[in-house]
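A.B. asks: Sharing a structure below in C-alpha cells format, with a few things to ask.
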Amino acid sequence: MYKTDASLPIGMTQPDQTDAEAGAVRGVHLHIGPEPHKMCRRLFAMLGATMAQTSVAVTIARDELGDCDLIFVEAFGAVTPEIQAGLQWVRLVSKAPLIVLVDTHRPEQAVLAFKAGADAVIPITTARDVIAVRCMALLRRWHGAASIPNRVAVHSPPATLT
C-alpha cells in the first residue's frame, strides 16, 4: 500500500474556539496505486485538505500511523484480500477511526471492510458535508464527547418541564 499524509480543516474545537482557531485533523490516506484515485483527490480538495505526497510502497512503519486522527483507505472496485489485509494491519497498529472510501455501495463489500476492521464505509459520491460530519462523529467517539463538540446546529424548541 501507499500512504499520502493529509491535513483536514475539520479540527477538534474546544467550546471557546472558533473553527479557524481549532487547527486541523491529521489524516492518512492509504491507497493501492502510487497516486490516490482522482475521485479521492477531488474529495480531499473539496474538504479543503492539504495533501503531502509521501507515498511509500509496500511497508508503512507502525509509528507512521500512531499520531493520526483519521485513516482513510481507498477501496475502489472491490475490497480485495490485499485491502482486507491492510485494514487488519492498520487496526492492529492504530485505534484511530478507519474510513474506507468506495466507488459504489455494495453491501457484501462493506461487510468485508467491517470484518477487516473498518469503522465506516463511505461511497465517494456521498455529499462532502455528509462525509465531513461523519468524520467529526467518528472523532467525537474516538476522542470523547467533551473534546469535540458537535458543530452541526440542531435547532429545537426549548424543553419545558411539567
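If you count the sequence shown from 1, position 63 lands on 945 in the numbering used here, and the numbers rise without skipping. Yeah, the Cβ is synthetic: ideal placement off N, Cα and C, and Gly gets one too. Predicted model, so just to flag it, every value in this text is computed and none were measured.
Look at the alpha carbon of R1023 and the alpha carbon of K977, and state the distance between them as a whole number of angstroms.
C.D. replies: Residue 1023 sits at position 141 when you count from the first residue of the sequence shown. Residue 977 sits at position 95 when you count from the first residue of the sequence shown. Rounded to whole angstroms, R1023 to K977 spans 11 Å at the Cα level.
A.B. asks: Nearest CA to the CA of V955: which residue from D1011, T932 and A992?
C.D. replies: Against the sequence shown, residue 955 aligns to sequence position 73. The closest CA to that of V955, considering only D1011, T932 and A992, is found on A992.
A.B. asks: How is F958 classed by DSSP in three states: helix, strand or coil?
C.D. replies: For this step, residue 958 is matched to residue 76 along the sequence shown. In this structure, F958 counts as coil in the three-state DSSP scheme.
A.B. asks: I think M933 touches T886, with their Cβ atoms under 8 Å apart; what is that distance to the nearest whole Å?
C.D. replies: Within the sequence shown, numbered from 1, the residue matching residue 933 stands at position 51. Within the sequence shown, numbered from 1, the residue matching residue 886 stands at position 4. About 6 Å; that satisfies the 8 Å criterion.
A.B. asks: Just to check my reading of the structure: V1003 and V984 have Cβ atoms closer than 8 Å, yes? What is that Cβ distance to the nearest angstrom?
C.D. replies: On the sequence shown, position 121 is the one that residue 1003 refers to. On the sequence shown, position 102 is the one that residue 984 refers to. Right, the Cβ-Cβ distance comes to about 6 Å (below 8 Å), so this counts as a contact.
A.B. asks: How is K920 classed by DSSP in three states: helix, strand or coil?
C.D. replies: Walking along the sequence shown from the start, residue 920 turns up at place 38. Helix, per DSSP.
A.B. asks: If you run the structure through DSSP and keep just helix, strand and coil, what is P963?
C.D. replies: Position 81 of the sequence shown holds residue 963. Looking at P963 - three-state DSSP - the assignment turns out to be helix.
A.B. asks: Going straight from the alpha carbon of R924 to that of D1001, what length do you get?
C.D. replies: Taking the first residue of the sequence shown as position 1, residue 924 is located at position 42. Taking the first residue of the sequence shown as position 1, residue 1001 is located at position 119. For R924 and D1001, the distance between alpha carbons rounds to 22 Å.
A.B. asks: So, under 8 Å CB-CB, G909 and C950 are touching, yes? Tell me the CB distance rounded to an integer number of Å.
C.D. replies: Residue 909 sits at position 27 when you count from the first residue of the sequence shown. Residue 950 sits at position 68 when you count from the first residue of the sequence shown. About 6 Å; that satisfies the 8 Å criterion.
A.B. asks: Could you tell me which of E990, V975 and I953 sits nearest to M1018, measuring between CA atoms?
C.D. replies: For the purposes of this step, residue 1018 is taken as the residue at position 136 of the sequence shown. When only C-alpha atoms are compared, the closest one is I953.
A.B. asks: With distance defined between alpha-carbon atoms, name the residue in V975, I981 and E946 nearest to A1014.
C.D. replies: Residue 1014 sits at position 132 when you count from the first residue of the sequence shown. Among V975, I981 and E946, the Cα nearest to that of A1014 belongs to I981.
A.B. asks: Find out if the Cβ-Cβ distance for the pair A995, L969 is shorter than 8 Å.
C.D. replies: Position 113 of the sequence shown, counted from the start, is the residue given in the question as residue 995. Position 87 of the sequence shown, counted from the start, is the residue given in the question as residue 969. Yes, Cβ-Cβ distance for A995 and L969 is below 8 Å.
A.B. asks: Helix or strand or just coil, what does DSSP make of K977?
C.D. replies: The residue labelled residue 977 in the question sits at position 95 within the sequence shown. In the structure shown, K977 sits in coil (DSSP, three-state: anything other than H, G, I, E or B).
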